[in-house]
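*Asks:* In this note's numbering, the protein residues as written are 702 to 923. All C-beta atoms in this analysis are idealised placements derived from N, C-alpha and C, irrespective of residue type, glycine included. The structure follows.
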């Protein structure tokens, strides 16, 4: 919930005359930050998305087309929560931008007047080399892009990210001696990857992507 506090302070600072009708989380992991954000901004908090529990995390799905299809199957907007409203949507993070782009469009399709996107994590600019599926920098929406560029790409009216300093402060408030991995935010790896490791992953990813497209093309032909 302290992450929501930091986000609220940032929004007040960057947008003093903010006009928001409702704060809506992307279920489930952003709820605590979204709730505290709504309280601090004195804006209504509403559950605007129904989640399909049988669809997994879309950002760890390996192929772009699979992710795009899954977002629409995973989340269903409740139109009364969006129609004719200025909506602030809170997600736990923005990785490739695929999910955020579709969520923004779903909100507009449900009648939202304006859509403001909030990430409870800082921009993810560097690959995670410890196992989760974000190995190639070029696939990360925040890699070499400004917040304004990302905002335009996902189609939002405004975009806010948690600051890394704010994230660390929120976590350490409970335990000031706590240390944790921030490499995907700042590129500072606890164990520096071997020379050529990321290039090797990039080539492998490119080849796997080509093979996946070929398989899908063959399925369409059949």
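(1) Tell me whether the beta-carbon of residue 708 lies closer than 8 angstroms to the beta-carbon of residue 821.
(2) Suppose only complete runs of 3+ residues qualify. What are the beta strand (DSSP E) ranges in the segment 839–903, listed by chain order?
(3) In terms of residue numbering, what span does the beta strand (DSSP E) encompassing residue 732 cover?
(4) Quick check: the segment 738–751 against the segment 707–721, are there 3 or more CB pairs under 8 angstroms?
(5) Would you check if the distance between the CB atom of residue 791 and the CB atom of residue 724 is smaller than 8 angstroms?
(6) Have a look at residue 726 and residue 887 and give me their C-alpha separation to the nearest angstrom.
(7) Can you name the start and end residues of the beta strand (DSSP E) that residue 805 belongs to?
(8) According to DSSP, simplified to helix, strand and coil, what is residue 793?
(9) Sorted by chain position, which residues of the same chain lie with C-beta nearer than 7 angstroms to residue 840's C-beta, five sequence neighbours on each side aside?
(10) Assign residue 831 to buried or exposed, taking buried as 16 or more other Cβ atoms, counted over all protein chains shown, within 10 Å of its Cβ.
(11) Return the chain-ordered list of same chain residues with a C-beta closer than 6 angstroms to the C-beta of residue 867, the five sequence neighbours on each side being excluded.
(12) So, does the segment 773–780 touch the segment 808–817, judging by three or more C-beta pairs under 8 angstroms?
*Replies:* Taking the structure as given:
(1) What you label residue 708 is simply residue 7 of the chain shown in a count that begins at 1. What you label residue 821 is simply residue 120 of the chain shown in a count that begins at 1. Yes, they are a contact pair.
(2) 859–862
(3) As a position in the chain shown, residue 732 is number 31, starting the count at 1. No beta strand (DSSP E) holds residue 732; the alpha helix (DSSP H) holding it covers 732–742.
(4) yes
(5) Counting from one through the chain shown, the residue named residue 791 turns up at place 90. Counting from one through the chain shown, the residue named residue 724 turns up at place 23. In this structure, residue 724 lies closer than 8 angstroms to residue 791 by Cβ.
(6) Within the chain shown, numbered from 1, the residue matching residue 726 stands at position 25. Within the chain shown, numbered from 1, the residue matching residue 887 stands at position 186. Residue 726 and residue 887: Cα-Cα distance of roughly 26 angstroms.
(7) The count along the chain shown starts at 1 and reaches residue 805 at position 104. From DSSP, residue 805 is part of no beta strand (DSSP E) but of the alpha helix (DSSP H) over 799–810.
(8) Along the chain shown, one-based indexing puts residue 793 at 92. Residue 793 falls in the coil class under three-state DSSP.
(9) Taking the chain shown and counting its residues from 1, one reaches residue 840 at position 139. Result list for residue 840: 797, in chain order.
(10) To locate residue 831, count along the chain shown from 1; it is residue 130. Residue 831 should be labelled exposed.
(11) Residue mapping note: residue 867 aligns to position 166 of the chain shown, counting from 1. Taken in chain order, the residues that qualify are 707.
(12) yes
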